[in-house]
Structure formats: structure tokens, C-alpha cells
Amino acid sequence: MKTLLVGIVLPLLVAMAIVASPLRPVAQTQSSYQPQAQFCVSGNTGALCSKLPAYIGPDSRLGLTVGYNGLYGDPPRSASEDVQTPFDNMAWQMFVALNWAAGGVEQPAAQGLTAPGPRVWQTYPKVSALFGNSKVRAGCPQALALPIFYIGSYGNGKPAPNNEEFLQASTNLPLIDVNGNWTLFERRVNAIEASYLRAPQGLSAQTLTTRDGQRNFIKANPKGADFTASASMPDGKNGSIEIKAAWRILDPAKDDASKYYTQNILLAVSGDLVRNGKPFCRSEKVGLVGMHIPQRNPFVEQNKTLLPQWIWATFEHVDNAPLAQAPCNVSNGCGSATSPTYWINKPSCGPAATAPGAHYSFYDPAQSGLGTNIAPQGLLGNSRGIRRGPMRTARPARQRRYRRRCAAGRSIRRRRC
Numbered sequence: 027m028k029t030l031l032v033g034i035v036l037p038l039l040v041a042m043a044i045v046a047s048p049l050r051p052v053a054q055t056q057s058s059y060q061p062q063a064q065f066c067v068s069g070n071t072g073a074l075c076s077k078l079p080a081y082i083g084p085d086s087r088l089g090l091t092v093g094y095n096g097l098y099g100d101p102p103r104s105a106s107e108d109v110q111t112p113f114d115n116m117a118w119q120m121f122v123a124l125n126w127a128a129g130g131v132e133q134p135a136a137q138g139l140t141a142p143g144p145r146v147w148q149t150y151p152k153v154s155a156l157f158g159n160s161k162v163r164a165g166c167p168q169a170l171a172l173p174i175f176y177i178g179s180y181g182n183g184k185p186a187p188n189n190e191e192f193l194q195a196s197t198n199l200p201l202i203d204v205n206g207n208w209t210l211f212e213r214r215v216n217a218i219e220a221s222y223l224r225a226p227q228g229l230s231a232q233t234l235t236t237r238d239g240q241r242n243f244i245k246a247n248p249k250g251a252d253f254t255a256s257a258s259m260p261d262g263k264n265g266s267i268e269i270k271a272a273w274r275i276l277d278p279a280k281d282d283a284s285k286y287y288t289q290n291i292l293l294a295v296s297g298d299l300v301r302n303g304k305p306f307c308r309s310e311k312v313g314l315v316g317m318h319i320p321q322r323n324p325f326v327e328q329n330k331t332l333l334p335q336w337i338w339a340t341f342e343h344v345d346n347a348p349l350a351q352a353p354c355n356v357s358n359g360c361g362s363a364t365s366p367t368y369w370i371n372k373p374s375c376g377p378a379a380t381a382p383g384a385h386y387s388f389y390d391p392a393q394s395g396l397g398t399n400i401a402p403q404g405l406l407g408n409s410r411g412i413r414r415g416p417m418r419t420a421r422p423a424r425q426r427r428y429r430r431r432c433a434a435g436r437s438i439r440r441r442r443c
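Numbering (the numbering used here) for the sequence shown: 27 to 443.
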């Protein structure tokens, strides 16, 4: 896999939002069981493919009526006890398929993942195409045929969310990288979700893209929206899919663009959001540093524990921030046997590991004594290909602290993160 995912898949690692029963101490045991990666949903486990999965594979633990532990519990001793790997496989399959070149989905991985041009997810409509643009936007010259990232506003110094954003949903604060630049967030939905938003159940009078339509929808649907779900078979029809991508501006004097999936954009910022009051539009090269991929799942009787909500995968760039010095034990959540932390409301899992020569996006080694969350001792050996657990804490040189988490409840649920 490493030889095929040049510059696109390798830079990103997964941190999955998973289902968990109430947290409690458990006895950690050793297991010789090794989860098996399935690279393609179509059944050919030895090769990556552009087929976008619709649902997880067989997962016998989901048939229980009392919930399941997810990552929080003893390592599985067999495939029948392994509740997490089907989610991991689906997450990677979604990520790979969505990052296939849109013009090369019939090509094998060696070409489809390295070809230039927009990826599959970049052909999905942006939210502004559904809900309209921000009230105030800066103008850009039409001479350059580049994607435009609009940071729009309400005209009173407050940013509007209709186009791209620079505020994190969880904190309503910017995420500032080590160069002092603010991370940019882009949101898209697939055609299936776009159709539902425009006309739920085919009723354009109840469109969710306008205030009047939303009022009509609420009156007719007091229980709320029921987004189009996927098929119950992994290789079936996809459901509603949302994409939120995080990009950082790359400085050619400081950053190695070859380590990122990049694109050249025009960055347009409205004047009331600029210190000197003047709008601007300038060309920038940005690199992908994170991606949320939620897909609406159905209720399936044999997986009755999994509610009909959203299966959510989150990927991040390997150089966002370092791992911590000490491995995180699943049973104590980075604490001790007598004082477990359970990962809840903890900004750190201890000091960061040293990495001479490393250049991180959101962590400055010069800021000593600052920790970072890490993956628990995993079920996939020493592989750095998958990171599980909460998102890591990092403090860039020009920001006091950055913290982000995606929590999981009784079921995989949709959270704005």
C-alpha cells in the first residue's frame, strides 16, 4: 500500500469516532489475533480500488442488544470479538475511493491515486451551492482559473459560514499553524444528500436550503430530518455523505509541499474581516491536513446496536503533531491503574516524543513541556498507518493551545467537529 499512495493517502492517518459503552476499568490482556485489512469493498482484499463503500462488513458484536465496548476493552482474540476493524476498513475504503482522481476512477490505484486533477470528493457541491453565498465576499479576478476559497462575512466584522471557514466548530476559534496562518475549512456533500436537502421526499416546498422551506419542513416533520441512508450491503448504494476538509497554507520557504495533497487556490477575504479594512484576493498553495467523512447508515437487524445515524471517519496528516513519549494503555486512558483518565476532558497524554528534524503543522518543539494525545496501544502492532482515539492537542508557536475532540456516545452519531 505504501508504494501506491504517493503523496495522497500516506500523509493522512485515521482517528475514528467510535461507539462506546460507559467507560470503566478493564483488565488488559495479550492477544495473538491480528486484524485483517480489506483494501477494497468489492472483495479483493489485496488491492485498493475506487469503489466507495456503503456500509461496514460483518460485525457480529453489533448484534448484541446491550451495546459493545469498541476500542475500550480487552483486545479481541478472534474476528468474532473484533468490533472495530470493520469500521477501520470502511473508513480507509471511503478515504481511498474519495481521494481517487475524479477523471481516473476506472484506472488502477497506481494511476488513479497519483494522477493530477480534482479528487472524487472535490466534484461534490459545496454548501454554498445549496444555501447561497455569504452576504459579503471579496472579488477575485476571473483571469486565473483556480478554485476560490471565500472567507465571507455578514458585513459587520463577523464571519459568515456560507462559504469556506476559518473557525473550528468545536471551539469557534481559529486553528493557527506554526507559520501563523489560519487553517481553512471546506465543506461539501454528495449528490444524494444535496437532493434530499433541496427537496426532502421530493417536496421542494419543504426544501431545507431556505428559511421558508425549513419552516414548512418542521411543521410537516416534527421528528426532524431523515437523511437518505445507504444500503445494508458494503458494496451497495451509498447514502448521504458529507465532507469537511481542513487545509493549511503552505509556505514554500518553510514547508515541503511534496508531503501533502495540494492545490492552488485563490483566497478571497472580505474587507471587514481584514485589519486594514481592505478586501483581498491572492493566490496560495494549500495542503490537506484533515478530513471528516460521515455517511448515513441504515438500521440493520443483525447490527441492531448500530443506530440509523452516521458512520464517521476522521483522517489527519501524519505531521500535524507528534506522538507522546509513552504509549497510551486502553484500560487506563493514558493514566495509571489507580488513577485512570478515560480520555475524558484531558488536554494531553504527556510530553511529546522527540523527533529530530521533524516539521509539524500544529506543534512547535521549541515550546517545551507541552503534551499531545496519542493512539492507544493498537491492535495492528506497531503500524503508524492507523491512529485511534481522540484528536491530539498541539500548541503552535503563536497560539496558546489548540484542542479538538470528537466524542462518541452510545452509537456512532453525527457531531459538528
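Every residue, glycine too, gets a C-beta built ideally from N, C-alpha and C.
For residue i, the three-state DSSP class (helix, strand or coil)
i    : result
Q321 : strand
E268 : strand
V153 : helix
A350 : strand
P112 : helix
W336 : strand
F202 : First, the residue type needs correcting, since residue 202 is Ile and not Phe in the sequence shown. It is a strand residue.
P79  : coil
Q168 : coil
F145 : In the sequence under discussion, the amino acid at residue 145 is Arg, which differs from the Phe named in the question. Correct three-state label for R145: strand.
P391 : coil
R413 : Unreliable placement is indicated for R413, whose pLDDT of 25 sits below 50; the coordinate value is still reported in the next sentence. Reduced to three states, the DSSP call for R413 is coil.
A255 : coil
A231 : helix
P402 : Only weak support exists for where P402 lies, its pLDDT of 41 falling under 50; the value from the coordinates is given anyway. If DSSP states are grouped into helix, strand and coil, P402 belongs with the strands.
A384 : coil
P226 : helix
I438 : With a pLDDT of 29 at I438, under the threshold of 50, the predicted position of this residue should be treated as unreliable, though the coordinate-derived value follows. Looking at I438 - three-state DSSP - the assignment turns out to be coil, as it is neither helix nor strand.
Q328 : helix
Q62  : coil
Q133 : coil
V67  : coil
Residue(s) in a DSSP beta bridge with residue i
i    : result
L299 : Answer by DSSP bridge pairing: none, since L299 is not bridged.
Y176 : A294
I275 : V312
C307 : A294
E191 : F211
R162 : Note that residue 162 is Val in the sequence shown here, rather than Arg. Beta-bridge pairing links V162 to S179.
A127 : R145
A378 : A350
P185 : S179
Q289 : V312
Supposed contact pair residue j and residue i - C-beta distance, whole angstroms, cut 8 Å
i    : j    : result
V215 : I267 : 7 Å
K161 : S179 : 7 Å
P260 : P79  : 5 Å
I269 : L172 : Not really, about 20 Å apart at Cβ, beyond 8 Å.
F388 : L201 : 7 Å
A195 : V295 : About 20 Å; that fails the 8 Å criterion.
P324 : P334 : 6 Å
T233 : A246 : So it is not a contact: roughly 12 Å between Cβ atoms.
W338 : H318 : 7 Å
T346 : D277 : The residue you asked about is not Thr; residue 346 is Asn in the sequence shown. Not a contact, Cβ separation roughly 16 Å.
L124 : V146 : 5 Å
G183 : D298 : 5 Å
R322 : G262 : Contact doesn't hold; Cβ gap of about 13 Å is too wide.
F211 : A272 : 6 Å
Beta-carbon proximity check, residue i vs residue j, cutoff 8 Å
i    : j    : result
T209 : V315 : yes
G313 : A283 : yes
Y59  : S256 : no
E219 : F243 : no
V131 : S68  : no
A73  : N115 : no
A378 : A350 : yes
C166 : I174 : yes
A117 : G143 : no
G239 : A251 : no
Q328 : G89  : yes
Q148 : A141 : no
T236 : L223 : no
Q137 : C66  : no
V326 : S258 : yes
Residue i beta carbon near the ligand HEM (any heavy atom closer than 7 Å)
i    : result
L333 : Because no ligand of any kind appears in the structure shown, any question about the ligand HEM cannot be addressed here.
Beta carbon proximity, residue i to chain D, threshold 8 Å
i   : result
G72 : As a matter of chain content, chain D is missing from the structure shown, which is built from one protein chain.
Next on the checklist: Could you check whether the region 138 to 154 touches the region 208 to 228, counting it as contact only if at least three pairs of C-beta atoms, one from each stretch, sit closer than 8 Å?
Outcome noted: Look at the beta carbons and you see the region 138 to 154 touching the region 208 to 228: at least three pairs across the two are nearer than 8 Å.
Checklist entry - How about the region 301 to 313 and the region 184 to 199: do they share at least three Cβ pairs that are nearer than 8 Å? => result no
Next on the checklist: Between the region 79 to 89 and the region 110 to 118, can you find at least three pairs of beta-carbon atoms closer than 8 Å?
Outcome noted: Short answer: they touch.
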